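Residues in the sequence shown are numbered from 1172 upward in steps of one, following the working numbering.
For each residue, glycine too, the CB sits at the ideal point set by N, CA and C.
The structure displayed is predicted, hence computed values, not measured ones.
Worksheet for the structure shown next.
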Amino acid sequence: MIELKTPGELQAMRAAGLVVWRTLTAVREIAKPGATTADLDELAEQTIRDAGAVPSFKGYHGFPASICASVNEQIVHGIPSKTQVLNDGDIISVDCGAILDGWHGDSAVTIAIGEVSEADLALSAATEAAMWAGIAAVSSGGRLTDISYAVQTAAEKAGRDDGIEYGMIVEYGGHGIGRQMHMDPFLPNLGKPGKGPRLKTGMALAIEPMLTGGGGETVELEDGWTVVTADGSRASHWEHTVAITDDGPWVLTAPEDA
């Protein structure tokens, strides 16, 4: 069963989503050369708690922090550390979740640290474009893999435009979200359209493509969390929480004018 929310419940999710947006906005401001990923995590937790919310990630299956901070070849689930110092030219994907009044918001951004290579900027832009393409494919009455196909198609187009075949991470993808952070259905980031559950008004999904500048093979580090590219290529991760409405997709983790 895929959880359906009432309009009032989606409004509650919207409030949680805006806590996440404000948190990521604050983190962007201090994500500079010389900052540590622990600095980012400390600010994120304080921002979330100041809003009367609780970090979704902290303690989730034992995860020790309030954000995932994945630097360069790290794809997802990077653990913040006082020894992980951000350097000029790095890219970092910050994934953040918050619980407010029992409802979850979840979003991720890739941030350029200082002067970043054109290739890394293009990688991040391609990933973000794939996310927005997936969001645009959200439609009540459509099928789940319509989103998958839109993400894949946009990523492939960006690769052609950029003259590189971006690696697509297939083991990880989007998911349902609501009273829990990870719910049915799993949303793959590639696939043929017209497959999977029928999309209905009241559903909420986290849409989150992850691309690399090389291959799509991954390795999980010994910490049991951090996932990196097998070939050492850099990775990007973008995510928004999206509600399905009769009027189309509603991005819950961004302001209306974003």
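Is the separation between the beta-carbon of residue i and that of residue j shorter than 8 Å?
i: S1404; j: G1330; result: no
i: A1301; j: P1420; result: no
i: V1198; j: T1424; result: no
i: S1365; j: T1316; result: Note that residue 1365 corresponds to Gly in the displayed sequence, not to Ser. Taking 8 Å as the Cβ cut-off, G1365 and T1316 qualify as a contacting pair.
i: A1283; j: I1262; result: yes
i: A1154; j: I1318; result: Outside the modelled stretch of the chain, which goes from 1172 to 1429, sits residue 1154, for which no answer is possible.
i: C1267; j: T1194; result: yes
i: L1294; j: L1211; result: no
Here's the rule I'm using: 16 or more other beta-carbon atoms within 10 Å means buried, otherwise exposed. How should residue i be labelled?
i: H1346; result: buried
i: L1358; result: buried
i: M1352; result: buried
i: K1363; result: exposed
i: T1196; result: exposed
i: E1180; result: buried
i: Y1320; result: buried
i: L1392; result: exposed
i: R1185; result: buried
i: G1344; result: buried
i: D1394; result: exposed
i: H1232; result: exposed
i: A1202; result: buried
i: G1230; result: exposed
i: V1368; result: Strictly speaking, residue 1368 in this sequence is Pro, with Val absent from that position. Looking at its Cβ environment, which holds fewer than 16 other Cβ atoms inside 10 Å, P1368 is exposed.
i: P1426; result: exposed
i: P1226; result: buried
i: G1205; result: exposed
i: A1297; result: buried
i: A1236; result: buried
Write down the C-beta distance between residue i and residue j rounded to the nearest angstrom, noting that I regard them as a contact closer than 8 Å.
i: S1407; j: T1281; result: 4 Å
i: T1218; j: Q1255; result: Between Q1255 and T1218 the Cβ distance is about 20 Å, and since that is not below 8 Å, they are no contact.
i: S1311; j: L1361; result: Not quite, the Cβ-Cβ distance comes to about 23 Å (not below 8 Å), so this is no contact.
i: A1375; j: I1348; result: 5 Å
i: S1288; j: G1313; result: Wrong, their Cβ atoms sit about 37 Å apart, outside the cutoff.
i: A1187; j: W1303; result: Their Cβ separation, rounded to whole angstroms, is 21 Å, which puts A1187 and W1303 out of contact at 8 Å.
Kindly indicate which residue of the options has the alpha-carbon position closest to the one of residue i.
i: A1215; options: L1181, E1336, S1278; result: S1278
i: D1333; options: Q1182, K1229, G1384; result: G1384
i: I1173; options: E1427, V1422, A1414, D1418; result: A1414
i: C1239; options: F1228, P1426, G1233; result: F1228
i: D1418; options: P1426, A1304, G1373; result: G1373
i: Q1175; options: E1410, D1394, M1354, L1392; result: Here the sequence assigns Leu to residue 1175, which means Gln is not the residue at that position. Cα-wise, what sits closest to L1175 is M1354.
i: A1377; options: A1183, L1271, V1422; result: V1422
i: H1411; options: D1272, G1223, E1299; result: E1299
i: N1113; options: A1296, E1286, G1223, L1292; result: Because the chain spans 1172 through 1429 in this model, residue 1113 falls outside it and cannot be assessed.
i: V1390; options: P1356, E1342, R1350; result: E1342
i: L1271; options: P1368, D1221, K1203, P1426; result: D1221
i: G1223; options: P1204, G1305, A1269, K1328; result: A1269
i: R1350; options: A1290, P1356, G1276; result: G1276
i: W1409; options: L1189, D1291, S1264; result: S1264
i: E1336; options: S1252, A1290, K1253; result: A1290
i: T1416; options: H1248, I1306, P1356; result: I1306
i: E1213; options: K1253, F1234, A1183; result: K1253
Would residue i pass as an interface residue toward chain C - the criterion being a Cβ-Cβ separation below 8 Å?
i: Q1351; result: In the structure shown, chain C does not exist; there is a single protein chain.
Query raised in the report: How about the region 1390 to 1410 and the region 1231 to 1250: do they share at least three Cβ pairs that are nearer than 8 Å?
Result: yes
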